[in-house]
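Written below as structure tokens is the structure these notes are about.
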Amino acid sequence: MLIAGNWKMNGLSPALGEVEALIRELKARPVAAKVLICPPATLMSRVAAVAGGVISIGGQDCHPQPSGAFTGDISAEMVRDAGGTWVIVGHSERRQYHGETDTLVAAKATAGWRAGLGVIVCIGETEAERLAGQEEAVVDRQLAASIPDAAATSPTAVAYEPVWAIGTGRTPTIEEIARMHAHLRQQLTKRFGNGARAIPILYGGSVNPKNAKEILAVPEVGGALVGGASLKATDFLSIVGAAPVGS
Ligand code: PEP
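Remember, this note's numbering sits 53 above the position in the sequence shown when you count from 1.
Below, the structure is given as structure tokens:
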């Protein structure tokens, strides 16, 4: 099971203290889950140094090109160079605020693999789409267009993140999460065959210390992508500790 923390645009130097606390605890009490933190790019190498290999570090985004005249962007190779082993692509905030299309997300996934990173591809419907009963059609379209064929043989995770659940304190019901994750597993298997087994499906959207145990116990939930609750070591540790033993 993979528990990933997405710090988004949060974290100045004092936030390293949270990572130190996290590492101290994980060294004292090892957990079942693999733990990943995706800090802002400015902190990546410092978080990697503090982590000392106890947890993995990732980027929150990358440019499709390895280098070039793309002011303000960072490449997958730069994520790797800063100590990252994973990169998130297609987060709904990138899709919403930066107009990222499925095609661009797929190019970023390819860039992540090129640089030797594992890639977490985010998908998920908006509230209007869910209310219209279109959630499966939306994620099917995103799965088909944002995830390149190479996912069958490259380190990949899918994060199902209903947009309306991100940062809102609202989550789908356990039954809705179970239904969607079963659907996604079916779709991945249809497309990638046996290769699909190596692709965990993370749930993301208002995961917190109170609801983590129930969510992580749902069949086909292979981990979580955690935003707000990953910023405090104590909260994030509770979520990490809620991963089922042997997962
Ligand atoms: C996220 O940013 O991917 C996320 C799930 O955020 P939150 O946990 O705060 O809802």
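The beta-carbon is built from N, C-alpha and C at its ideal position, and this holds for glycine as well. Given the structure is predicted, the values throughout are model-derived calculations rather than measurements.
Residues near residue i by beta carbon distance below 6 Å, same chain, minus five either side
i      : result
ALA135 : MET97 and SER98
VAL191 : GLU178 and GLU182
PHE245 : ALA205
HIS116 : PHE123, ASP126 and SER128
ASN247 : none
PRO119 : SER128 and GLU130
CYS175 : GLY143, HIS144, ALA212 and GLU214
Sub-8 Å separation of residue i and residue j beta-carbons
i      : j      : result
GLY258 : ALA218 : yes
LEU89  : ILE108 : yes
PRO201 : THR163 : yes
LEU269 : MET54  : yes
VAL84  : ALA104 : no
GLU188 : MET233 : yes
ALA203 : TRP166 : yes
GLY276 : PRO253 : yes
TYR213 : LEU237 : yes
GLN240 : LEU196 : yes
Cut-off 8 Å between Cβ atoms - residues of its own chain near residue i, not counting five sequence neighbours on either side
i      : result
ASP114 : ILE127, VAL140, ILE141, VAL142, HIS144, ARG147 and LYS161
GLU78  : ALA286 and LEU290
VAL271 : ILE227, ILE230, ALA231, HIS234 and TYR256
ASN63  : PRO93 and LEU284
ALA159 : ALA198, SER199, ILE200 and PRO201
ARG194 : ASP155
GLY220 : SER259, GLY280 and GLY281
VAL288 : The residue asked about is misnamed: residue 288 is Asp in this sequence, not Val. These residues qualify, in order along the chain: ASN261, PRO262 and ALA282.
CB contact check: residue i to chain C, cutoff 8 Å
i      : result
SER207 : Of the protein chains in the structure, only one exists, and it is not chain C.
Distance between beta carbons of residue j and residue i, contact taken as under 8 Å
i      : j      : result
VAL279 : ALA101 : Wrong, their Cβ atoms sit about 19 Å apart, outside the cutoff.
GLY169 : ARG133 : 6 Å
THR138 : GLY171 : 6 Å
ALA86  : VAL274 : Not really, about 12 Å apart at Cβ, beyond 8 Å.
Own chain partners of residue i with C-beta closer than 7 Å, once the 5 adjacent residues on each side are dropped
i      : result
ASN264 : THR224
ALA249 : LEU241 and THR242
GLU267 : ILE227
Heavy atom of ligand 2 within 7 Å of residue i beta-carbon
i      : result
ILE219 : Ligands in the displayed structure: ligand 1; ligand 2 is not one of them.
- Item | Entirely enclosed beta strand (DSSP E) segments - the segment 245-278, minimum 3 residues | 254-257
- Task: Jot down the residue ranges of each uninterrupted alpha helix (DSSP H) in the segment 106-191, minimum 4 residues, whole runs only, in chain order.
- Result: 129-134, 145-150, 155-167 and 180-184
- Item | alpha helix (DSSP H) runs contained entirely in the segment 57-108, provided each spans 4 or more residues | 69-81 and 97-104
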